[in-house]
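Report on one structure; see the data block that follows.
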Amino acid sequence: MNVFRLAGDMTHLLSILLLLLKIYATKSCSGVSRKTQELYAIVFIFRYLDLFTDFISVYNTFMKVVFIASSLAIVWCMRFHPVVRRSYDRELDTFRYFFLVGASFALALIWHEKFSVQEVFWAFSIYLEAVAILPQLVLLQRSGNVDNLTGQYVFFLGAYRAFYILNWIYRYLTEPRFTRWIAGTSGVVQTALYADFFYYYFISWKNNSKLKLPA
Amino acid sequence: PLGQRIHDEL
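Written out as structure tokens, the structure reads:
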């Protein structure tokens, strides 16, 4: 565990918990793509199938459980919470996300580290995470709504990506034979898509600020 | 398990 990896995990955790708390406190999920959140829940469930087979550390197990539980809690709130669900932008969140799931699974069948159920699902979760932000990007472009997607969520999610890339560079330089072809390539794609998301978020945020000029 | 790489990152 190096400092970049720890910072990456902490900012990732903060981004998810902040979104959950924000939704719960304001009782609104306006501007949040449920499809993106469902994809993240699928990502964690399929990546952490090794919870039951491999023990790495208490930290590792604890973080996996928290990630699965918090992402499921966000999805639960958006689907079933009697107040929160009413603010969901259903008609704007129309991205065909089954296409992403299918494409990621197909790629995982072709490119994986070992042909086993666990390893194919692990690769699938890595590819799906890389593109999971797309429904949120589309929703943001359509609604221009940045009320609920707080600056902090966007900031911490971006910091998580940046720290993980620094972590891989650090491990590549310090550990003999360290390579992460699948995670590394997907990580770069994910960061590029995130940069696009950030760009639109910033434009949207700027435009909203302009609209708030006193009449 | 021997021979299998464990995914130590989250």
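For the record, the sequence lines run as chains U and L.
Mapping of the first sequence onto this note's numbering: position 84 corresponds to residue 84, and the numbering continues sequentially without gaps.
Mapping of the second sequence onto this note's numbering: position 7 corresponds to residue 7, and the numbering continues sequentially without gaps.
No residue lacks a Cβ here, since even glycine has one placed at the ideal position from N, Cα and C.
So with CB distances below 8 Å, who are the chain L contacts of residue 67 of chain U?
For the purposes of this step, residue 67 of chain U is taken as residue 67 along the first sequence, with counting starting at 1. Neighbours of residue 67 of chain U on chain L, chain order: 10.
Contact the segment 6-20 of chain U vs the segment 146-164 of chain U: 3+ CB pairs below 8 Å:
yes
State whether the segment 26-39 of chain U contacts the segment 83-96 of chain U, with contact taken as three or more CB pairs (one from each stretch) at a distance under 8 Å.
yes
Spatial neighbours of residue 172 of chain U within its chain, please: C-beta separation below 7 Å, excluding the five flanking residues on both sides.
Residue 172 of chain U sits at position 172 when you count from the first residue of the first sequence. Taken in chain order, the residues that qualify are 178.
Can you list, in chain order, the stretches of the alpha helix (DSSP H) that have 4 or more residues and sit fully within the segment 104-190 of chain U?
117-131, 134-143, 151-174
Do residue 47 of chain U and residue 122 of chain U have their CB atoms nearer than 9 Å?
Working through the first sequence from its first residue, we reach residue 47 of chain U at position 47. Working through the first sequence from its first residue, we reach residue 122 of chain U at position 122. For residue 47 of chain U and residue 122 of chain U, yes; Cβs fall inside 9 Å.
Would you say residue 122 of chain U reaches chain L, if we count a Cβ-Cβ gap shorter than 9 Å as a contact?
Walking along the first sequence from the start, residue 122 of chain U turns up at place 122. Yes, because at least one Cβ of chain L sits closer than 9 Å to the Cβ of residue 122 of chain U.
Should the segment 119-134 of chain U be called in touch with the segment 34-53 of chain U, which here means at least 3 C-beta pairs below 8 Å?
yes
If you count every other CB in all the chains shown that lies within 10 Å of the CB of residue 5 of chain L, and 16 or more means buried, which is it?
In the second sequence, residue 5 of chain L corresponds to position 5, counting from 1. The residue in question, residue 5 of chain L, is exposed, as its Cβ has fewer than 16 Cβ neighbours within 10 Å.
Residues that residue 113 of chain U contacts on chain L, provided the C-beta gap is smaller than 7 Å
As a first step, residue 113 of chain U must be located in the first sequence, where it is residue number 113. Neighbours of residue 113 of chain U on chain L, chain order: 5.
For residue 152 of chain U, is the classification buried or exposed, using 16 other Cβ atoms within 10 angstroms of its Cβ as the cut-off for buried?
Here the question's residue 152 of chain U lines up with position 152 in the first sequence. By the neighbour-count rule (16 or more Cβ atoms within 10 Å), residue 152 of chain U is not buried but exposed.
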